[in-house]
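This report refers to the structure that appears directly beneath it.
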Ligand SMILES: [Zn+2]
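In the working numbering, the protein residues as written are 1 to 301.
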C-alpha cells in the first residue's frame, strides 16, 4: 500500500474512532450512488469493521430514481457491491412509490435537484430503518461540507451550519443517526482510493446536473468550489484546517443546542418524523396525485 493511501485510510479510521461512528452491534447502511465518494465510504467502513474485528455489519442502500439511466446505474451499483462483498438493498421510486420526479418538478415548478434531494432524504431514513439499520452513512466529503458552510453563511441559514459534524445524532425514535466518515477527506483522495482498490465506480452522470455532483451545476456552488480549489493549491491544508475548526466548534456547542432543539412530530399521513403536520414527501405525493387526477378528469371532456 502506498503512503498516500495509507495516510488517507488512517485519517478516515481516526474519524470513525474519535467520533464513535461505528459501535458494537451496529447495522450500518451506506447510501450508495455509484460514484467515488459513496463507494469509498462503503469500502472503508467494511475494512474498518473487519480490521478491528467489530461486532457490526455493513449494508449498501441505493435509490433508483426512475430516470432514463437509472436502471443501468442500478446494475453498476450491483457490480460495486458484488466486488466489495456487501449486500445491497434498492428502492425504486417510480415502481414502489409511483412518483415521477420529472413530472413533479414541472408541476411544482421546483428544480429537479431539490425534489430529488427531498425524496432521497426521506427514503434514506425510512427504508434502512425498516430494514433494521442503526445508522445511515453517506459519502459526503470536505468540499460538500465547506460549500454548504459558505452558502449557509451567505444566505443566513446559520442553524444549518451547526449540523456540519461527523455524526448527527438521532432526534426522534424514528430518525436514524447519520454518519459521515469522509468529512475530513478531499474528493481527490476518495477517487485515488477507489482506483487503488479497483472499485468499478460508474461513469454514468446525471444529465440534470452536468458534473454528476449537483453543486457544480449551480453557479454559486461553482464559485465556492473554485475558491476551495484555489485555497488548496496556494495554502497548504487550509480547507482541512477549516473543516476541523468548524466541527470542533460544533462539537463544543452540541450539548447547548440539544437542550434547545425543537420537538419532532410524526407526519399525520405516513408517521415519519417531521417538524410539520404533514411531511414534505407526503405533500409532494398529494400534489402529484391531485394533478394526475385533474389530468384524467380533463381528458374525459
Ligand atoms: Zn409523511
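We put the CB at the ideal spot given by N, CA and C, even for glycine.
None of the values given here were measured: they were computed from a predicted structure.
Check, Outcome
"Buried or exposed by the 16-neighbour rule on C-beta atoms within 10 Å, applied to residue 59", "buried"
"Check: residue 241 C-beta below 7 Å from any heavy atom of ligand 1", "no"
"DSSP beta-bridge partners of residue 266", "273"
"Span separating the alpha-carbon of residue 269 from that of residue 276", "11 Å"
"3 or more residues per run - each beta strand (DSSP E) lying fully within the region 39-107", "57-64 and 88-92"
"Residue 37 vs residue 273 beta-carbon contact at 8 Å", "no"
"Expected contact under 8 Å - CB spacing of residue 247 and residue 73 to nearest Å", "So it is not a contact: roughly 32 Å between Cβ atoms."
"Residues bridged to residue 29 [DSSP beta-bridge criterion]", "59 and 136"
"Ligand 1 heavy atom lying under 7 Å from the CB of residue 130", "no"
"CB contact flag (residue 31, residue 194, <8 Å)", "no"
"C-beta contact flag for residue 91 and residue 123 at 8 Å", "yes"
"Nonlocal neighbours in the same chain, by C-beta distance under 6 Å from residue 94, ignoring five residues either side", "66"
"For residue 168, three-class secondary structure by DSSP", "strand"
"Cβ pair residue 183, residue 15 closer than 8 Å", "yes"
"Member of 46, 51, 81 and 106 whose CA lies at the smallest distance from the CA of residue 61", "81"
"Neighbourhood of residue 213 by C-beta distance below 6 Å, restricted to the same chain and skipping five residues each side", "Caution applies to residue 213, whose pLDDT of 47 falls short of 50 and renders its modelled position unreliable; the value that the coordinates give is listed next. There are no such residues."
"Alpha carbon of residue 44 to alpha carbon of residue 144, nearest angstrom", "19 Å"
"Through-space distance from residue 256 to residue 204, alpha-carbon basis", "43 Å"
"Simplified DSSP state of residue 36, which is helix, strand or coil", "helix"
"Span of the beta strand (DSSP E), counted from its first residue to its last, around residue 178", "177-179"
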